[in-house]
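Peer 1: The structure is given below, and queries will be raised subsequently.
Okay, here's the thing in C-alpha cells:
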C-alpha cells in the first residue's frame with residue numbers, strides 16, 4: 343500500500359468525525375481536530391493524527407473526561423490556574439492561551455498554568471497562538487511519560503519536558519523554537535527502531551552509564567539530557583513550573599500514558615505571553631527581529647553547510663509545501679487509521695471528503 | 343605566594359573601597375560590592391572579585407556611568423522596561439528585581455527588562471532574590487561577548503546567553519539553576535589554558551567544524567551550544583527576550599567588553615518573578631518541592647556515582663563552607679588585586695579590615 347497525501351481539511355474532518363464517534367461534543371471535537379491537523383501540517387508528525395488511536399483508546403477507556411468543566415481556579419491580574427477537569431489537553435491549553443493573551447494585553451504579560459489537563463500535542467501550537475496578536479508566546483509542559491533520570495541516577499523521575507517559544511518578525515517568518523530538553527525525543531528513538539537503524543552516541547545510555555545504540559533495546563536505558571547536567575536542570579525547572587507550581591503531576595506521580603489508558607494523568611502545562619508593545623514600539627521590535635534573522639541567515643558557513651536555518655523555518659517551509667501538495671500519510675500509519683475507522687464505524691481517511 | 347582566605351565582609355569592604363576610589367557613590371559601591379562578594383561566596387568565582395580590575399578599568403575609561411539616572415521607561419501592571427543609563431549592571435538588575443517582586447505580589451507574576459545596563463555578575467544572584475519572598479525567579483541575559491555562531495555558521499552572532507531559575511523549597515535548600523546555553527562557559531576555557539590542560543571534545547570547534555581541543559587556540563574557534571541546534575535556538579531566544587525585546591544590543595551589536603573599555607555596551611537583561619501564592623497554597627507548593635528533591639536525591643545511582651546533586655546544591659554547600667572558613671583567593675588573583683589596590687591607592691585585600 344503506497345503512502346497517500348491528504349488535504350488539511352480532509353484530515354481535520356476525519357479526526358473530528360472520529361473524536362465525535364468516541365464521545366466528544368461536536369465543538370470540542372472540531373477544536374481538537376484543528377489543532378491535531380495543524381500539528382501534522384507543520385511537520386510535528388509525532389503529535390498529530392498519529393496520536394488519534396491512543397487518544398481514542400483513552401477516551402473509550404474513560405481515561406479522559408469528554409464533558410469537562412474547564413474552569414479558572416485561581417486568578418490574579420496577570421495569572422490564572424485552569425482546572426482542566428481531565429478534559430482533552432488541547433481544549434485546556436487553547437483556553438489557557440486565549441486567557442493569557444487577553445491578560446497580557448492589559449498587564450504587559452501573563453502566565454496561565456493548568457492542572458488536570460492532558461497531552462496537548464506539540465508545544466509550539468500554543469506558543470504560536472501569540473503571533474497573530476503580535477505577541478511573544480512561551481510554553482512549558484510536563485511530558486506524559488518519564489524517560490529521563492536525574493543526572494547520575496537511574497530512577498526515571500523526569501520527562502522530556504518541552505519548551506516552546508514563538509517570536510514575531512516583520513517581513514520574515516516568526517522564530518518558533520520547539521524543543522525537548524533531551525537530546526532526542528522518544529519518538530525519534532521509536533522511528534530509528536522501525537527503520538532498523540542504530541542510534542548515534544549521545545541519545546541514550548544503559549543502566550551502567552554506557553552508550554546505548556540499539557533502539558530495540560531502548561526499554562533497557564534512558565534518554566540523555568541536552569548538555570548533560572544542564573539539560574537535567576532545565577527539565578527539572580520546566581517540570582516545576584509546568585507541573586509542581588500548578589499542583590499537577592511531576593516526578594514519580596507522572597502517569598506513563600503509553601502504558602495506562604484510564605488513570606487521570608493530572609498533566610500540567612503553562613503558557614506565558616509577553617506583549618512587546620509594553621516594552622516599546624512593536625513594529626520597531628519586529629524589524630529588529632528581521633535584522634537579526636538576516637544576519638544569522640547571511641552568516642559565513644562551515645565548509646559543507648549549505649544553509650543556516652532559523653528555529654521554526656523548516657517547519658514553516660514544510661507547512662507551505664503541505665498546504666500546496668497535501669500532507670503525506672505513511673502507509674503504516676494509514677493502515678492503523680483504517681483499522682480505527684473500522685472500529686469506530688466512521689469513513690476511512692481516504693474516503694473522507696474535506 | 344600562597345592562597346589566602348578572606349571573610350565575606352573583608353571582601354565586600356575591599357571591593358567597596360576600590361569602587362569608591364574609581365568614582366562610584368558610596369551607596370552604589372556598597373550595593374555592587376555586596377553582590378560581587380555574594381558571587382564569590384556562592385562559588386561563582388568567574389563573576390565575583392575577579393571582575394573588579396575589568397570593571398575599574400571600564401569605569402576609569404568612561405565606559406560606565408557612575409552617576410546613572412536608572413529609570414522606568416515603560417510600565418504596565420505586570421511589566422516594566424528599565425533604562426539603566428549605562429550604570430553598573432548590578433544596580434540596574436537589583437532595582438529591576440525589586441520592582442518585579444513588588445509587581446508580582448499584586449499581579450501574580452511580573453517581567454522587568456533592562457536596556458543600557460551592563461554586566462551584572464552571575465545570573466543566579468537576581469533569580470535568588472525572589473526566594474526570601476517565597477517567590478520564583480527567572481533571569482535571562484545577553485552575554486557581554488559573542489563566542490557562539492548560529493548552528494552551521496561561522497559568524498559569532500550569539501553569546502553564552504545564560505538562564506537562571508530559583509525555586510523555593512520548605513525544609514530543603516531551594517533549587518537554583520544557573521547555566522550558560524553553551525556546553526562550557528568561556529571562563530572554563532580560560533581556566534583550562536591556565537592549567538595547561540586540553541579541553542574535552544564537545545566544548546569548542548574550529549572554523550572547519552572540527553573539534554578544537556587546545557584551549558590556547560580558543561581564539562581560532564567557537565563555543566558549542568548545548569544539544570547542538572537546540573542550544574543555538576535557546577541562546578537565540580534568550581537573546582531576543584533579554585536583548586531585542588528591550589531595545590538592547592543583540593547579534594552583531596553586542597560589544598565585546600573584554601576588548602573594549604569605553605563603548606556603551608547597551609546590555610539587556612530580564613527578570614521574571616512568579617508568586618506561587620497566585621497558583622495555590624505556598625506552603626503546600628514548597629513541601630511538594632521538598633518531596634521531589636528527596637525523590638531525586640534518593641534515586642538509584644549509576645554504578646560509580648556517589649551522590650546525586652540538585653541544581654544549586656553544590657553552590658549552597660560551598661556558601662556554607664566559605665562563610666565558616668573564609669573565601670579562598672588564589673595567589674594569581676591576589677597579585678592582580680594587589681596591583682589594582684596599589685594603582686587605586688587603597689589598602690590591599692589582606693590589609694582590609696572587615
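Residue numbers (our numbering), protein chains in the order written: chain X, 343 to 696; chain G, 343 to 696.
Glycine residues also receive a C-beta, built at the ideal position from the N, C-alpha and C atoms.
This one's a predicted model, so the numbers in the text were calculated from it and none came from an experiment.
1. What's the call for residue 695/X, buried or exposed, on a 16-neighbour Cβ count within 10 Å?
2. Indicate whether at least one CB of chain X lies closer than 8 Å to the CB of residue 504/G.
3. Hey, is the region 611-624 of chain X in contact with the region 460-474 of chain X, meaning 3+ C-beta pairs nearer than 8 Å?
4. For residue 542/X, would you say it is in contact with chain G, using Cβ-to-Cβ distances shorter than 8 Å as the test?
5. Report all residues from its chain with a CB closer than 7 Å to the CB of residue 526/X; omit the five preceding and five following residues, and keep chain order.
6. Here's the rule I'm using: 16 or more other beta-carbon atoms within 10 Å means buried, otherwise exposed. How should residue 665/X be labelled?
7. Between the alpha carbons of residue 542/G and residue 373/G, how many angstroms are there, rounded?
8. Could you check if residue 387/G is buried or exposed, using at least 16 other CB atoms within 10 Å of its CB as the buried criterion?
9. Hey, does residue 637/G have any beta-carbon neighbour from chain X nearer than 8 Å?
10. Under 7 Å between beta-carbons, which chain X residues line up against residue 572/G? List them in chain order, please.
11. Which complete beta strand (DSSP E) runs does the region 609-648 of chain G hold, if anything under 3 residues is left out?
12. Going by DSSP, which residues form a beta bridge with residue 417/G?
13. Just how far apart, CA to CA, sit residue 433/G and residue 458/X?
14. CB-CB under 8 Å to residue 355/X, same chain, minus the five flanking residues each way: which ones, in chain order?
15. Out of curiosity, what's the CA-to-CA distance linking residue 448/X and residue 603/G?
16. For residue 540/G, count the other beta carbons within 10 Å of its own beta carbon; 16 or more makes it buried, fewer makes it exposed. Which is it?
17. For residue 583/G, which option in 518/X, 509/X, 644/X and 488/X has the closest C-alpha, if you only look at C-alpha atoms?
18. Just verifying my parser: in three-state terms, what is the DSSP assignment at residue 489/G?
19. Over the uninterrupted alpha helix (DSSP H) stretch that includes residue 535/X, give me the two end residues.
20. Along the beta strand (DSSP E) that carries residue 519/X, what are the first and last residues, could you check?
21. Between the alpha carbons of residue 771/X and residue 547/X, how many angstroms are there, rounded?
22. Could you tell me the boundaries of the alpha helix (DSSP H) in which residue 581/G lies?
23. Among all the DSSP beta bridges, which residues are the ones paired with residue 500/X?
24. Looking only at C-alpha atoms, which of 474/X, 669/X and 444/X sits nearest to residue 628/X?
25. Are the beta-carbon atoms belonging to residue 422/X and residue 414/X less than 8 Å from one another?
26. For residue 367/X, count neighbouring C-beta atoms within 10 Å of its own C-beta (all shown protein chains included) and say buried if the count is 16 or more, exposed if not.
27. Quick one: residues in its chain with C-beta nearer than 7 Å to the C-beta of residue 585/G, no 5 flanking neighbours on either side, listed in chain order?
28. Opposite residue 481/G in the DSSP bridges: which residues?
29. Which residues mark the beginning and the end of the alpha helix (DSSP H) in which residue 405/X is found?
30. What would DSSP say about residue 378/X, mapped onto helix, strand or coil?
31. Given residue 599/X, which residues of its chain have a CB within under 6 Å of its CB, disregarding the five upstream and five downstream residues?
32. Residues of the region 614-644 of chain G with a CB closer than 7 Å to any CB of chain X: list them in chain order, please.
33. Any beta carbon from chain X within less than 8 Å of residue 451/G's own beta carbon?
34. Compare the C-alpha of residue 533/X against each of 381/X, 587/X and 560/X and name the closest.
35. Are the beta-carbon atoms belonging to residue 452/G and residue 579/X less than 8 Å from one another?
36. With 7 Å as the C-beta to C-beta threshold (strictly closer), list the residues of the region 535-562 of chain X near chain G in chain order.
Peer 2: Quick answer:
1. By one-based count along the first chain, residue 695/X stands at place 353. Per the 10 Å Cβ criterion, exposed.
2. Translated into positions along the second chain, residue 504/G becomes position 162. No, residue 504/G does not count as interfacial toward chain X.
3. Verdict: yes, contact present.
4. Within the first chain, residue 542/X is the residue found at index 200, counting from 1. No, its Cβ sits nowhere closer than 8 Å to a Cβ of chain G.
5. Residue mapping note: residue 526/X aligns to position 184 of the first chain, counting from 1. Around residue 526/X: 545 and 565.
6. What you label residue 665/X is simply residue 323 of the first chain in a count that begins at 1. Residue 665/X comes out exposed.
7. Position 200 of the second chain holds residue 542/G. Position 31 of the second chain holds residue 373/G. Between the alpha carbons of residue 542/G and residue 373/G lies a distance of about 38 Å.
8. As a first step, residue 387/G is located in the second chain; it is residue number 45 there, counting from the start. Under the 10 Å beta carbon count, residue 387/G is surrounded by 16 or more other beta carbons and is classified as buried.
9. Position 295 of the second chain holds residue 637/G. Yes, residue 637/G counts as interfacial toward chain X.
10. Here residue 572/G refers to the residue found at position 230 of the second chain. Simply 521 and 568.
11. With a minimum length of 3 residues, the continuous beta strand (DSSP E) runs that stay inside the region 609-648 of chain G are 609-616.
12. The count along the second chain starts at 1 and reaches residue 417/G at position 75. Bridge partners of residue 417/G: 422/G.
13. Residue numbering aside, residue 433/G sits at position 91 when the second chain is read from its first letter. Residue numbering aside, residue 458/X sits at position 116 when the first chain is read from its first letter. Residue 433/G and residue 458/X have their alpha carbons spaced roughly 42 Å apart.
14. Position 13 of the first chain, counted from the start, is the residue given in the question as residue 355/X. Within the same chain, and ignoring the five residues on either side of residue 355/X in sequence, the residues whose Cβ sits closer than 8 Å to its Cβ are 375, 694, 695 and 696.
15. By one-based count along the first chain, residue 448/X stands at place 106. By one-based count along the second chain, residue 603/G stands at place 261. Their backbone Cα atoms lie some 41 Å apart in a straight line.
16. For the purposes of this step, residue 540/G is taken as the residue at position 198 of the second chain. It is exposed - the Cβ of residue 540/G has fewer than 16 other Cβ atoms within 10 Å.
17. Position 241 of the second chain, counting from 1, holds the residue named residue 583/G. That would be 509/X, whose Cα lies nearest to the Cα of residue 583/G.
18. Stepping through the second chain from its first residue, residue 489/G is reached at position 147. In this structure, residue 489/G counts as coil in the three-state DSSP scheme.
19. The count along the first chain starts at 1 and reaches residue 535/X at position 193. Run containing residue 535/X: 528-537, per the alpha helix (DSSP H) assignment.
20. Indexing the first chain from 1 puts residue 519/X at position 177. Note, residue 519/X: beta strand (DSSP E), 517-521.
21. Because chain X in this structure spans residues 343 to 696, residue 771/X falls outside the shown range and cannot be described.
22. As a first step, residue 581/G must be located in the second chain, where it is residue number 239. Taken as a continuous stretch (DSSP letters only), the alpha helix (DSSP H) holding residue 581/G covers 571-584.
23. Position 158 of the first chain, counted from the start, is the residue given in the question as residue 500/X. In DSSP, residue 500/X forms a bridge with 490/X.
24. In the first chain, the residue the question calls residue 628/X occupies position 286. Checked all of 474/X, 669/X and 444/X; the closest Cα to residue 628/X is 474/X.
25. Within the first chain, numbered from 1, the residue matching residue 422/X stands at position 80. Within the first chain, numbered from 1, the residue matching residue 414/X stands at position 72. Result yes, Cβ atoms of residue 422/X and residue 414/X sit closer than 8 Å.
26. Your numbering for residue 367/X matches position 25 in the first chain. The residue is exposed, with fewer than 16 neighbouring Cβ atoms inside 10 Å.
27. Taking the second chain and counting its residues from 1, one reaches residue 585/G at position 243. Taken in chain order, the residues that qualify are 484, 591, 592 and 610.
28. For this step, residue 481/G is matched to residue 139 along the second chain. For residue 481/G, which the question treats as bridged, DSSP gives the partners 506/G and 613/G.
29. As a working mapping, residue 405/X is identified with position 63 in the first chain. Taken as a continuous stretch (DSSP letters only), residue 405/X belongs to no alpha helix (DSSP H), as it is neither H nor E.
30. Counting from one through the first chain, the residue named residue 378/X turns up at place 36. Three-state result, residue 378/X: helix.
31. Counting from one through the first chain, the residue named residue 599/X turns up at place 257. Excluding residues up to 5 positions away in sequence, 486 and 607 lie with their Cβ nearer than 6 Å to the Cβ of residue 599/X in the same chain.
32. Those would be 616, 618, 620, 621, 622, 627, 630, 631, 634, 637, 638, 641, 642, 643 and 644, in chain order.
33. Here residue 451/G is taken as the residue at index 109 of the second chain, counted from 1. Chain X contact via Cβ: present.
34. Locating residue 533/X in the first chain gives position 191, where the first residue counts as 1. Measuring from the Cα of residue 533/X, the nearest candidate turns out to be 560/X.
35. For this step, residue 452/G is matched to residue 110 along the second chain. For this step, residue 579/X is matched to residue 237 along the first chain. No, the Cβ-Cβ distance between residue 452/G and residue 579/X is not below 8 Å.
36. Cβ proximity to chain G below 7 Å picks out 550 and 551 from the region 535-562 of chain X.
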